[in-house]
Structures are given as C-alpha cells and as structure tokens.
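A.B. asks: Protein chains in written order, with this note's numbering: chain W, 1 to 304; chain V, 1001 to 1406.
We put the CB at the ideal spot given by N, CA and C, even for glycine.
Input: one structure, supplied below.
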Amino acid sequence: MIEIIATAESMNQAEALIDAGADRLYAGGHPFGLRLPRPLGLEEIESIVRLAHSRGKAVTVACNALMHNKQIDQFAAYLTQLAEMKVDALAVGDPGAILMLKEQALPIPYIYDAGTLVTSAEQIAFWIGQGASGAVAARELTLKELIMMQQKLDRPIEVLVYGPTCIHQSGRPLLTNYFHYTSGDRASRLDDQVLFLRDPKNAGSQYPIIEDTDGTHIFSTEDLTLMGQLKIMHENGLDTWKLDGVLLRGDAFVSIVALFDEARRAIEAGAFVPESFINRLKKLQPEHRPLGTGFYMKNPEDVH
Amino acid sequence: MKTMVKKPEVLAPAGNLEKLKMAIRYGADAVYIGGQAFGLRSRAGNFSYEEMAEGVAFAHERSSRVYVAANMVTHEGDGRGADAFFKTLQSIGVDAVIVSDPALIVVCFNAAPGLPVHLSTQASATNYKTLEFWKSIGLERVVLAREVGIEEIRGMRQHTDIEIEAFVHGAMCIAYSGRCTLSNHMVNRDANRGGCAQSCRWKYDLFDLDDGEAHSHVQGGEPFSMSAVDLSMLHHLPDMIEAGVNSLKIEGRMKSIHYVSTVANVYRSAVDAYCRDPEHFVFDPAWDEEIWKVAQRDLSTGFYYGVPNEKEQLFGKPRKIPKYTFAAQVLAYDPVTRRATLEQRNNFGIGEEVEFYGPNFVHFKQTVHDLWNEDGEAIDRAPNPMMTVTMTVDAPVAPYFLMRKK
C-alpha cells in the first residue's frame, strides 16, 4: 500500500490535500518542529487531526528539532497534549526526546527523523530497537542504496519524492549577522521573503536560505523529484512517499500532491507512463524552482 | 565559595605519531587520533595499527590516554571491516573510540565489549535527556554539540553523571556538526564521510527572485559568507570546570606541531593553575600571548555565552595576526657550555630574535648570538631543512623544547 504524506500549512490546505489524495498530513509548530511551511499552534493541529480522522486519514506531528534543555523541559507537556488529541505519529530525531517517549509510554508511534544522519539499514534497525516504527531517509542517498536499505528492513523508509531538502542547519542567525555587519537596511526585506545563495563558481546554483527561531536553514537548488522512479520504488517496497511544501504554498502544492496521487493510481492499475507524469509535473512546477533528482540517480560510488 | 568538583582532562588532537608525543609532552592528559578507516579526516595523517600501538604505549607510560575517532556516518557497505577494526583497537589498548553512527556503536559493542565509546560531536548532543539516552545505551562520554551554552552544561550536570566533553579551542563548524551537506550538494563530497570541502567558508551571492528576476541583497560589496571565527575558552576555563565539564577538547588534527604543543601547553598551565587554588586563581596574560602566537583566525566564545553575532563570523578583511614560524627543535643541551643542539625546521640565523618554549609553560626570548654546523664550523645561518646546528642559549633547555621566530 503506497502512502502519500504531505505537509499541511493550514486547516484549509489540509482539507484540500485530503481531497487531492494525501493519506497522511505532516504538521507541527515551534519550538519542536523544524522547517515547516507554517508553524501551527496546538489548537490548529487539533483541528487538522479531527478533520483527518473524520476522513479516515492520519496526522504526523513534527518533533524533529535538535532540542536544547529548555525544549526538553517543555516537551513532556506537549507530548501529553498530542496524545490527548490522538495524533497518529510523531517525527523525532533527538535521542533525548526518544528517551522521553519511552519513559512516558504514550500510545503514539514515532518515526526516526534525523535528516542527514539516516544513511543505512543498520542505523534504522538501531532506532527500531529504540521503539521507532520507521525512519526518514537522508536525501543524500542514492535510489540504489534506498532499495538495499528497504530490502533489509520490515518497517517503512520514508522517501522524499517531491520538494526541497535542507542541506545545512546552523544555530546562528546567518542572515541577521550578515545584514548587521553590512549595516544593511533589513526593513527593505519582507518578513516572508525568501532569499537565495549562489555559488559564483556555479551559475545555476540558487540555494534558498531561511532564518527562523531555530537558526538558519539552507535548502537544495532543486526541488527533488522521484516521479520518474515511482514504479521502481513501488516494486522495491519503497511505498512511503513524502511531499514537502515548505517552500511551495497553497493550491500550487495541492495540485502537485494530486498529480502524485494520480501517479499512484496509475501504478496500481499497471498504466503508469512516467514521461507523461514528468511533463505534467514540469507544468505545475514554479518557474524559478528547477526540478531534479539530486543524489537519487547517482551511483553510490560517485559521492565520497 | 568556589568548589572544584573534579579536575578536567586536557584533550589534544594528534594528526600523527610525532604530534601525539608532542601533545603529551606538552601536557595533554589525552589525545585523539584517527585510524585508517571510519574517521572524518581523510587528509589528516592517520595512524596505522603499528603507529597506534606505539602511541598508546607512549601515552600509557606517561599516564595519558588515546582515543580513536571513528565518527563517520556510514552508508550501506561502509561498515565492512568495522568489527575487526574495533577488535584490533581494543587489543592495542586504545582507551576509547569516538563514534557518532549508532550502527558503528552497535558493531563496536559486539566486537569489542568493554572498549569505552564516546559520542562524537557529529551527533549534536544538545540536552540532558540526550546525554541520559546515550548513557542508557552504554556510552561512557558525550562530546557536546558546539551550540550548547555554559548554563545548559550546568543544567546537564544536574541531571546526569555521564562524562561531558566540550570543545574549548579551535576551528568551528558554522552548522550543527553532522547537519551540513553543503559539500555533498556542491562538490559531490560527503561531509559526513570525511569529504568536507568547507563550503561554508566560500563567498556567495545573496538575492531574491520575487518577480522571477534576481535582485541582489549584497550590501556594500561584501559577499555573503558564513565562516566562523575560531573558538577559545582560555579566558573562561573556571566557568567550564565549574559547570562540570570532564574533558576540555582542543580541535585540530590537521594542525602543526607548533600549534598543538603551544595550545596544549597553555591549557595545561591554565587548568593546573585554577585547580591548584580556585579561590586565588589569577589569569596569566602570558597564556593569552602564547595562544595568539599560533592563532589562525580571530577568537571567540562560540555559543557558550549566547548565540554568536556578526562579530563571531569572518567578514571583510581578516584582522592581521602576527605570524610565528616554527624554526627548530631542541635535540640536546649541554649545561656546561650552555649550548643547545637543534634540528632546523625553518631558516634562521645570527642576529635574529627567537623564542624557546618547553613543557610546563617554560618560555624565553633571546637573540641568536652564534651558530655552528655539524662539523663544528661557525656559520651565519641555518638554511637547510632538518640540518643539525648548535647555538648558545640564554637559559637551560631540554630535548623537545621548540624554537619559534616571528
């Protein structure tokens, strides 16, 4: 059974995403969830959970922050509230948070999500031993490696099939520091304006850079997509597909989720023509965001 | 009333066997090194098993310890041979391994039960519960993320008794270590498998694409960058010690003998001075002077007293730091003639002002008055690398004293 997971930025979008075919919504808020399209408060999360459940869908709450003492102090109460509203799963990457989940013995499963650090089946097996029900794969893995990993495991590996990936997380406010140094007028920059970095040696590069209360996050130049490889993934048991709308809001993201749902149905019906779906994805894709396959189609030996 | 819980260890980097011995001679309680595999410094001179064995024997004779960094984040197949690696390390007598990948931790526990495991800073341990987690798994020590503050360390110490190791000196990642794959995406080199290309220290354009066209946000011709100045907690060692840090870590397995010996010497001296009499501890300005002789960038306190601002990043023209050069190493000293035999490491000659320094924070300046070559002939300069020369010194020296010049 292929599962489509999509980030939800609001109650309205959540509804549209469910209509579009998402099986599971991914949402969360400060200070426990990282890199969300919009951080949500508990009330909003609860409404989304109620909506999802009424439609037979699930909600995973992002608790993937690198937690400091202060967050850990507040985490137990947050967990209790999430348990009361019966969220279906958590995404957790901090071993301290995992220890707390064990201690509190709440009936919420968690998937291990530590970004760049999840790169082998043996690592995931370790976290399964610590209670994880699955794991989010690093985006620096190749499809060959992902297939090898899934073959060794009986729990799902979540793979990003659409969206940007974070390639750098700093605890420092790197944009503020830069503008302070240059005494630039920060007011000229809108609060939700996305800035990009370009490596002058690579004219095609444009890395989105976002600063928030967690620090600074830099994303890949490309929105990764595995649209062309969905059938191979399905044949190899990679059936947990994540679509990340952290940089793509509203209906534009919903349309892409709908396309992946259609692709899923085509695969299940044995009528998937990848070229056609790739072309349709290109039409939906925002003009200034290139699509690419990142590391997925590289040979494992090409990256050292 | 200051109460010192326990004297912390001074932990120095050692890129090769010679540096290991120097670091220990200059006061390191422990050193960390890399093996031929599973580490993150593919370009540092990594140790063969034979060199490791010699290093461990040398360290243990002097009541020092050797830790081996095996902090790679493995992909499928990378863990091959890790069991034999850890077994061999244990049989050599290595005191601990530094690991971040849980897959390698499990291999190590199974292959070398009893070999202590330290969690690498690459795993970004930032809270007391995380420390408790790793203790429950069986780790003996956690190296903290560099994003942790002094106050947070105090909080950790109240909640857990696992050993805490924290960086006090050296270069820093600008990202949470392990959570940066700039190198992977920019140059196909895996930062978490030893390929870090230090892309954070490059210069970048900064722009928006609001109407589809790039509009620059670069100000005053200064490109965007995210290069951190270096860390130094030399002026705040009492805070680190009182917070309950067990091991004070100096960064730099790629650094020179001159660097490692100087930094180890300074931290050894400062930690001893504080722990001898915390009540009456006075900071010795000579420690500061010595540290700046090997500084490569400006120095800062990182996250220990708050989130670093723009002053803790390298913008504009780097501040000029006077450069000192490692000029010679002492091979022998004759107290009767007051002559030292030196092995040359950089060109120097009569009339030049030089500095000698040795373990136990001994150091003095002098002018080179005279110089003889191996055949006893008077010479003006020592121009040849590794040549042996003799000169009169103003104060006693001993083998392994080093000589630097401006």
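In the DSSP assignment, find the unbroken alpha helix (DSSP H) run with V:I1105 in it and report its ends.
C.D. replies: Residues 1102-1111.
A.B. asks: Considering only their Cβ atoms, is the gap separating V:A1096 from V:S1064 smaller than 8 Å?
C.D. replies: Contact flag unset, no.
A.B. asks: Just verifying my parser: in three-state terms, what is the DSSP assignment at V:Q1366?
C.D. replies: Correct three-state label for V:Q1366: strand.
A.B. asks: What did DSSP end up calling W:Y112 once you bin it into helix, strand or coil?
C.D. replies: Strand, per DSSP.
A.B. asks: Could you name the residues of the same chain whose beta carbon sits closer than 7 Å to that of V:F1086, not counting the 5 residues immediately before and after it, in chain order?
C.D. replies: Only V1097, V1107, C1108, A1111, A1112, L1115 meet the Cβ criterion.
A.B. asks: Can you tell me whether DSSP reads W:H68 as helix, strand or coil?
C.D. replies: Here W:H68 sits in coil by DSSP.
A.B. asks: Just to make sure I have the definition right: I need the residues of chain V whose C-beta is within less than 7 Å of the C-beta of W:M67. Which are they?
C.D. replies: Correct list: T1126, N1127.
A.B. asks: For V:P1013, report the span of its beta strand (DSSP E) as first-last.
C.D. replies: Counting along the chain, the beta strand (DSSP E) containing V:P1013 begins and ends at 1009-1013.
A.B. asks: Please name the residues in the stretch 1082-1111 of chain V whose beta-carbon is closer than 9 Å to at least one beta-carbon of chain W, in chain order.
C.D. replies: Listed in sequence order: S1100, D1101, P1102, A1103, L1104, I1105, V1106, V1107.
A.B. asks: If I follow the unbroken alpha helix (DSSP H) through W:D19, where does it start and stop?
C.D. replies: Its alpha helix (DSSP H) spans residues 11-20.
A.B. asks: For chain W, find out if any of its Cβ atoms is closer than 8 Å to the Cβ of V:V1195; answer yes or no.
C.D. replies: The amino acid at residue 1195 of chain V is misidentified as Val; the sequence shows Gly. V:G1195 counts as touching chain W.
A.B. asks: I'd like to know whether the C-beta of W:G163 is nearer than 8 Å to at least one C-beta of chain V.
C.D. replies: No, W:G163 lies away from the interface with chain V (no Cβ there is under 8 Å from its Cβ).
A.B. asks: What do you get for V:A1378, buried or exposed, if any count of 16 or more other CB atoms within 10 angstroms of its CB means buried?
C.D. replies: Exposed.
A.B. asks: Please state the DSSP three-state secondary structure of V:V1056.
C.D. replies: Reduced to three states, the DSSP call for V:V1056 is helix.
A.B. asks: Taking 8 Å as the cut-off, decide whether the C-beta atoms of W:L174 and V:M1226 are in contact.
C.D. replies: Going by C-beta atoms, W:L174 is nearer than 8 Å to V:M1226.
A.B. asks: Enumerate in chain order the residues of its own chain whose CB-to-CB distance from W:G134 is below 6 Å, with the five nearest sequence positions on each side excluded.
C.D. replies: Around W:G134: I111, R155, P156.
A.B. asks: Return the first residue and the last residue of the beta strand (DSSP E) that W:H217 is part of.
C.D. replies: Its beta strand (DSSP E) spans residues 215-219.
A.B. asks: Got a sec: is the Cβ-Cβ distance from V:H1185 to anything in chain W below 8 Å?
C.D. replies: Yes, V:H1185 lies at the interface with chain W (some Cβ there is under 8 Å from its Cβ).
A.B. asks: Do we get a CB-CB distance below 8 Å when we pair V:C1180 with the residues of chain W?
C.D. replies: Interface residue, yes.
A.B. asks: V:N1071 versus chain W: which residues are under 9 Å apart at the beta carbon?
C.D. replies: None at all; the shortest Cβ gap to chain W is about 11 Å.
A.B. asks: Taking Cβ-Cβ distances below 9 Å as the criterion, which residues of the stretch 1198-1209 of chain V are in contact with chain W?
C.D. replies: From the stretch 1198-1209 of chain V, only S1199, C1200, W1202, K1203, Y1204, D1205, L1206, F1207, D1208, L1209 have a Cβ closer than 9 Å to chain W.
A.B. asks: List the endpoints of the continuous alpha helix (DSSP H) containing V:A1327.
C.D. replies: It is not in any alpha helix (DSSP H) - V:A1327 instead sits in the beta strand (DSSP E) that spans 1325-1334.
A.B. asks: May I have the straight-line CA-CA distance separating W:E287 from W:A252, to the nearest angstrom?
C.D. replies: Their Cα atoms are separated by approximately 12 Å.
A.B. asks: Let me check you understand the geometry: is the CB of W:L90 closer than 7 Å to at least one non-hydrogen atom of the ligand MG?
C.D. replies: No copy of the ligand MG appears in this structure; indeed no ligand is present at all.
A.B. asks: Would you say V:I1024 reaches chain W, if we count a Cβ-Cβ gap shorter than 8 Å as a contact?
C.D. replies: No, its Cβ sits nowhere closer than 8 Å to a Cβ of chain W.
A.B. asks: Taking only runs of the beta strand (DSSP E) that begin and end inside the stretch 203-266 of chain W, which ones reach a length of at least 3 residues, in chain order?
C.D. replies: Fully enclosed beta strand (DSSP E) runs of 3 or longer: 207-212, 215-219, 223-225, 240-243.
A.B. asks: Let me see if you follow: with CB-CB separation under 8 Å, is W:T7 close to chain V or not?
C.D. replies: Taking Cβ atoms only, chain V never reaches closer than 8 Å to W:T7, which makes this a no.
A.B. asks: Would you kindly work out how many angstroms separate the C-alpha atoms of V:G1194 and W:H304, rounded to a whole number?
C.D. replies: C-alpha separation (whole angstroms): 8 Å.
A.B. asks: What residues from chain V crowd round W:M11, counting only those whose CB sits closer than 9 Å?
C.D. replies: Simply none; closest approach about 27 Å.
A.B. asks: What is the C-beta distance between W:T225 and W:L291, in whole angstroms, given that I count them as a contact (C-beta under 8 Å)?
C.D. replies: That pair is a contact at about 5 Å.
A.B. asks: Flag V:R1189 as yes if its beta-carbon sits less than 8 Å from any beta-carbon of chain W, otherwise no.
C.D. replies: Cβ-Cβ to chain W under 8 Å: yes for V:R1189.
A.B. asks: When you compare the CB of V:F1038 with every CB in chain W, is at least one pair closer than 8 Å?
C.D. replies: Judged by the 8 Å Cβ criterion, V:F1038 is not in contact with chain W.
A.B. asks: Tell me V:D1205's beta-bridge partners as DSSP assigns them.
C.D. replies: For V:D1205, which the question treats as bridged, DSSP gives the partners W:R198.
A.B. asks: Rounded to whole angstroms, what's the CA-CA distance from W:A83 to V:R1141? Just pull it up for me.
C.D. replies: Rounded to whole angstroms, W:A83 to V:R1141 spans 33 Å at the Cα level.
A.B. asks: Please identify the residue among V:V1294, V:P1308, V:Q1344 whose C-alpha is closest to the C-alpha of V:K1320.
C.D. replies: Nearest option by C-alpha distance: V:V1294.
A.B. asks: For V:Y1067, which residues does DSSP report across the bridge?
C.D. replies: Answer is V:Y1032, V:A1096, bridged to V:Y1067.
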